[in-house]
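Under this note's numbering, residue 342 is the last one in the sequence shown; the count climbs by one each step, no gaps.
For glycine and all other residues, C-beta sits at the position ideal for the given N, C-alpha and C.
These numbers were taken from a predicted model, which means no experiment stands behind them.
I have placed the structure first, in the form of structure tokens, so that the comments after it can refer back to it.
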Amino acid sequence: MSKQLITGLHHVTAMAGSPQQNVDFYTGILGLRLVKKTVNFDAPDVYHLYYGDETGQPGSILTFFPFRNIRPGTTGLGQAAVTAFSIPKGSVEYWLKRLEQFGIGHEAPRHRFDETVISFADPDGLKLELVANGRDERAPFTYGHIPLEHSIRGFYSVELWESAYERTESLLANQLGHQFVAESGPRRRYSTHAKGKPGQIIDILWDGKKTFGFGGSGTVHHIAFDTPSDEDQLVVREKLLSAGHQATPVLDRQYFHSIYFREPGGVLFEVATTPPGFLYDEDKAHLGESLKLPPWEEHRRGYIESLLEPITLNLEKYASPS
Ligand code: ZN
């Protein structure tokens, strides 16, 4: 078998409004770990917040640019419209109760393939799902306010909304190492794993009658696929260029190296390296605690800090009832 150049999802990056509201929702309600607090490298007066599992493994990382005065986006075609998290099979009741406890509106659980799905949204309207399944072997993380047995394991899948699936399917299959796994109505499932492993699943929901989405708070900006090394990334980049995709040069994102390109259906894709990862500039016990700046911004740290509103973890407010 040839080496896997793409090993599933790396991260999803979305837009938000208030940073504190974002922190409260993702660490407090959902219990993800804030693994890195840094700034938008192109606009350092805006945070770049990274949430994930204990060390921010690829396939668990959801990142946000919380822009205070951004206009709300609309979800539609050409977007990664739904981001799904993996929970254990037996955790549906726990999460339904938890969402209700904190007044998070959600749909009734429904079945899809061999999984149970709870749909809801974050405070900015970003579409999310909890997908209960019995196929996730990843280690859970908890701050302690959510029982470890029920904690989110990382991403389950990302759902792309497209007017047609064929050209995106061709890209996923021929340049990004995915295979077709299953379909149900307008949903076609792909994965880098033959049976579709949590964290390695892309669903295309194709519906030419939907309208195109518009970027803004509550929408995904791009999704990134994981590649094991810099060498593998260059091989993927060559494959993309040979197939006529306009991939950027490799960019240094501090915690990974990235190339970007737009897929035929309109979604911005990235391929990001596993190394160096989030332990690059903080140890495991203190991930996400201090504001990290890229080296070229360190000389104006005081100024940047004065532009950012302070954010704190308020985990005690979100404890499960005993
Ligand atoms: Zn990215």
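(request) Would you give the residue range spanned by the beta strand (DSSP E) that T188 belongs to? (result) As a first step, residue 188 must be located in the sequence shown, where it is residue number 168. It is not in any beta strand (DSSP E) - T188 instead sits in the alpha helix (DSSP H) that spans 186 to 194.
(message) Is T58 near the ligand ZN - that is, is its Cβ less than 7 angstroms away from at least one heavy atom of it?
(response) Counting from one through the sequence shown, the residue named residue 58 turns up at place 38. Answer for T58: no, Cβ out of range of the ligand ZN.
(request) Helix, strand or coil for Y70, going by three-state DSSP, please let me know. (result) Within the sequence shown, residue 70 is the residue found at index 50, counting from 1. Strand.
(request) Output the distance between the C-alpha atoms of F175 and L150, rounded to the nearest integer angstrom. (result) Position 155 of the sequence shown, counted from the first residue, corresponds to residue 175. Position 130 of the sequence shown, counted from the first residue, corresponds to residue 150. Those two C-alpha atoms are separated by around 9 angstroms.
(message) For D303, report the span of its alpha helix (DSSP H) as first-last.
(response) Start at 1 with the first residue of the sequence shown, and residue 303 comes out as number 283. Element bounds for D303: n/a, residue is neither H nor E.
(request) Please state whether DSSP places N334 in a helix, a strand or coil. (result) On the sequence shown, residue 334 is found 314 positions in, with the first residue counted as 1. When secondary structure is reduced to three states using DSSP, N334 falls in the coil class, being assigned neither helix nor strand.
(message) I'd like the span of the beta strand (DSSP E) that includes L288, first residue to last.
(response) Looking up residue 288 in the sequence shown gives position 268. Run containing L288: 288 to 293, per the beta strand (DSSP E) assignment.
(request) Tell me whether P64 sits in a helix, a strand or coil according to DSSP, three-state version. (result) On the sequence shown, position 44 is the one that residue 64 refers to. It is a strand residue.
(message) Looking only at its chain, what residues have a beta carbon closer than 8 angstroms to the beta carbon of L148, apart from the 5 residues adjacent to it on each side?
(response) Position 128 of the sequence shown, counted from the first residue, corresponds to residue 148. Here L148 has V102, T103, A104, F105, S139, F140, A141, D142 as same chain residues with Cβ atoms under 8 angstroms from its own Cβ, once five neighbours each way along the sequence are excluded.
(request) State the DSSP-derived secondary structure class of D134, mapped to helix, strand or coil. (result) Here residue 134 refers to the residue found at position 114 when the sequence shown is read from its first residue. In the three-state reduction of the DSSP assignment, D134 falls in the coil class, being assigned neither a helical nor a strand state.
(message) Since H198 and S211 should fall inside the 8 angstroms C-beta cutoff, what is the C-beta to C-beta distance between them, to a whole number of angstroms?
(response) By 1-based counting over the sequence shown, the position of residue 198 is 178. By 1-based counting over the sequence shown, the position of residue 211 is 191. 6 angstroms between Cβ atoms; contact.
(message) Are the CB atoms of G28 and P78 within a distance shorter than 8 angstroms?
(response) Numbered from 1 along the sequence shown, position 58 holds the residue referred to as residue 78. Numbered from 1 along the sequence shown, position 8 holds the residue referred to as residue 28. Yes.
(message) Tell me the rounded alpha-carbon separation between R4 and Q24.
(response) What the structure shows of the chain is the stretch from 21 to 342, and residue 4 is not part of that stretch, so it cannot be assessed.
(message) In this structure, how does DSSP classify V59 when only helix, strand and coil are distinguished?
(response) As a position in the sequence shown, residue 59 is number 39, starting the count at 1. Three-state DSSP puts V59 in a strand.
(message) Considering Cα atoms alone, identify which of T95, Q99, K56 is closest to T83.
(response) Start at 1 with the first residue of the sequence shown, and residue 83 comes out as number 63. The shortest C-alpha separation from T83 is found at K56.
(message) Rounded to whole angstroms, what is the Cα-Cα separation between G72 and A305?
(response) Within the sequence shown, residue 72 is the residue found at index 52, counting from 1. Within the sequence shown, residue 305 is the residue found at index 285, counting from 1. In this model, G72 and A305 are separated by some 14 angstroms (Cα to Cα).
(message) When you measure from the CB of E290 to every non-hydrogen atom of the ligand MG, does any distance come out below 7 angstroms?
(response) Because the ligand MG does not appear in the structure shown, any question about it cannot be addressed here, the ligands present being the ligand ZN.
(request) Can you give me the start and stop residues for the beta strand (DSSP E) that S249 sits inside? (result) The count along the sequence shown starts at 1 and reaches residue 249 at position 229. S249 -> no beta strand (DSSP E), and no H or E assigned at all.
(request) Within the stretch 202 to 229, note down every full beta strand (DSSP E) run reaching 3 residues or more, in order along the chain. (result) Uninterrupted beta strand (DSSP E) stretches at least 3 residues long and entirely within the stretch 202 to 229 occur at 207 to 211, 221 to 226, given in chain order.
(request) Leaving aside the five residues before and after T231 along the sequence, list all residues of the same chain whose C-beta is less than 6 angstroms from its C-beta, in chain order. (result) Position 211 of the sequence shown, counted from the first residue, corresponds to residue 231. Excluding residues within five positions, the ones whose Cβ falls inside 6 angstroms are G96.
(message) Which residue wins for smallest C-alpha separation from R91, given the options T239, F245, A339?
(response) Taking the first residue of the sequence shown as 1, we reach residue 91 at position 71. T239 is the residue among T239, F245, A339 whose C-alpha sits nearest the C-alpha of R91.
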